[in-house]
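Here is the structure we will look at, set down as structure tokens.
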Amino acid sequence: MKAAATLLLLIAAPALAEPGLPPEATVAAALDNHPSVAAARARIGEARADARMLSVGPQEVMVQGTIQRRDVRGVGVVPEYDLQFTRPIRLPGKAALDRQAGDAGIRAADNRADDARHQAALMLSRQWWAWAGAAAEARTLDDAAGIMAQAVAATRQRLAVRDASQLELDQALAAEAAARAAALQAKARAAAARAVLAASFPDLPLPVAAPPLPEPVLPPEGTAALAGLVIERSHEIGASAAELDRAEALKARAARERTADPSIGLRGFSEQGGNEKGVGLVISMPLGGRARSAAADRAAAASTAAAADLAATRSAISAMAAEDAALATGYLAAWEQARTAAEAAAGAAERQRTGHRLGGVDLAERLVAERLARDAALDEVRARTAALEAITRLRVDSHTLWMHAEDAH
């Protein structure tokens, strides 16, 4: 059933792709193959091995023997030997606590592995929107450079009929060169962002050009509901809770360890050249000292620290959830205002272009309007990118985007 569901997901991946983001199936593969995620998954195996070690315990059979030759007066040299098998016996209750500690360790490792995948998803989101945003800025500046090229052409025509001065042409050429330099810088940032993304996630197929930025929209669940899911589904909290369970089990185990485990064995011997033979039981019991008391105190302190760590983790995740919701809402509102400003500035610049072509507006006024329009367009792109990244972060942190593949693990 899981294999069929996975195949269906891969087939339907293009339809499931979020606007402006890569297809879900390719993201899932890139995240699962990320080195940090692979390392965290391997540590689950380490935790399982630790759990098996705790379950079976360190008690092992000890074999001890002696072979000797004794010179007995009046008898001569006679061979003797003894052989002994002993094994510590784990007292009742200790094995159950060891298993509890091992199981808690597995849960902690599993949550850390899922959180590693979560952190990789956040990194992918940041790097993806950095690339898409820089590419959008480059396109905006390219458009601005094209408009300035039109201004240069119009100024040349007016200079030919002595309706403009050489100074105005120089100003237009300088504005065009500045716009093209800014566009080249943005292209360099976009190329660098793409290179970083490709190096960080080599299994994620990237298009040659970044996709256009979609309009940011808040998720239908609402920011408050998603903020609640950030806390509810946090693997950091899950890992801290599992660590507390493990510390509590080890605390109880250390308290029981104040009473040492006895060792029981079987001894066989032959003395006087076989004239004396015997088999017997051997019992030994360590007498616990201050070291066992100190170990119990240390385990109790570790349990208290684990409880404090869990409280601190809950507080940090709650703060992160509130921040996620506030940024998504606030950046969306900021983008809406930036879009309004960009549309107004673009309209003003268009009117200035028309006036300049008709001779009613001088070049200096047009250049001011063009610069304001360009700056407003860049502000809109940056605000749009920030809003998209904030919304994606909220969705990733709430495990409503890219995170459902964790259930398969």
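Read in order, the letters of the sequence shown correspond to residues 185 to 593 in our numbering.
Virtual Cβ for every residue (Gly too), placed ideally from N, Cα, C.
Since the model is a prediction, treat every value here as computed from it, not as a measurement.
Taking a cut-off of 8 Å for Cβ pairs, the stretch 306-326 and the stretch 509-518 do not touch, as fewer than three such pairs fall below it. Between the stretch 479-486 and the stretch 539-546 there are fewer than three C-beta pairs closer than 8 Å, too few to call the two in contact. Under DSSP, P272 shares a beta bridge with S447. DSSP, read as helix, strand or coil, puts G543 in coil. Distance from the CA atom of R437 to the CA atom of Q243, rounded to whole angstroms, is 15 Å. Put simply, the backbone Cα of S582 is about 8 Å away from that of G412. Apart from sequence neighbours up to five positions away, the residues of its chain that approach A377 with a beta-carbon distance below 6 Å are A314, W315, A318, ordered along the chain.
Distance from the CA of L308 to the CA of F385, rounded to the nearest whole angstrom, comes to 8 Å. In the three-state DSSP reduction, V247 falls in the strand class (E or B). If one requires a minimum length of 3 residues, no beta strand (DSSP E) run lies completely within the stretch 508-536. The beta carbon of T339 sits closer than 7 Å to those of A348, E352, L353, A356, L547, all from its chain and outside the five residues before and after it, given in chain order.
Inter-residue distance for K461 and L428 is about 55 Å (C-alpha atoms, whole angstroms). Under the 10 Å beta carbon count, P404 is surrounded by fewer than 16 other beta carbons and is classified as exposed.
Contact between G289 and A231 holds, with the beta-carbon distance rounding to 5 Å and staying under 8 Å. The beta carbon of K371 sits closer than 6 Å to the beta carbons of A322 from its chain, once the five residues preceding and following it are set aside; these are given in chain order. In this structure, DSSP gives V259 a state outside helix and strand, which the three-state scheme calls coil.
Taking C-beta atoms as the reference points, R474 and S424 fail to come closer than 9 Å. In this structure, the alpha-carbon of H419 lies about 55 Å from that of R535. Per the coordinates, the alpha-carbon of A495 lies some 15 Å from the alpha-carbon of A431. Under the criterion of beta carbons closer than 8 Å, V414 and I501 qualify as touching, at roughly 7 Å. Rounded to the nearest whole angstrom, the C-alpha separation of P470 and T270 is 14 Å.
Secondary-structure assignment with DSSP links E264 through a beta bridge to Q252.
With contact defined as three or more Cβ pairs closer than 8 Å, the stretch 520-534 and the stretch 435-452 are not in contact. Excluding its 5 nearest sequence neighbours in each direction, L402 has C-beta neighbours in its own chain below 8 Å: A512, T513, L516, I575, listed in chain order. Every unbroken stretch of the beta strand (DSSP E) spanning 3 or more residues and falling wholly within the stretch 387-455 is given here in chain order: 447-455. Within the model, the alpha-carbon separation for A335 versus P398 is close to 30 Å. Assignment of S468 by DSSP, reduced to helix, strand and coil, places it in the strand class. Listed as beta-bridge partners of V463 by DSSP are G452. Residues A318 of the same chain have their beta carbon placed closer than 6 Å to that of R373, with the five preceding and five following residues left out of the count.
Taking C-beta atoms under 8 Å as the contact rule, I228 and E554 fail to qualify, at a distance of about 58 Å. A Cβ-Cβ distance of about 7 Å is found for the pair T443 and G472, placing them in contact under the 8 Å criterion.
Per DSSP, reduced to three states, the secondary structure at H302 is helical. E202 carries a coil assignment under DSSP once its states are collapsed to helix, strand and coil. Here M587 is buried, its C-beta having at least 16 other C-beta atoms within 10 Å. Annotation for A557: A529, A530, A533 place their beta carbon closer than 6 Å to its own, counting only its chain and skipping 5 residues before and after. Contact between R291 and L215 is ruled out by a C-beta separation of about 21 Å, above the 8 Å threshold.
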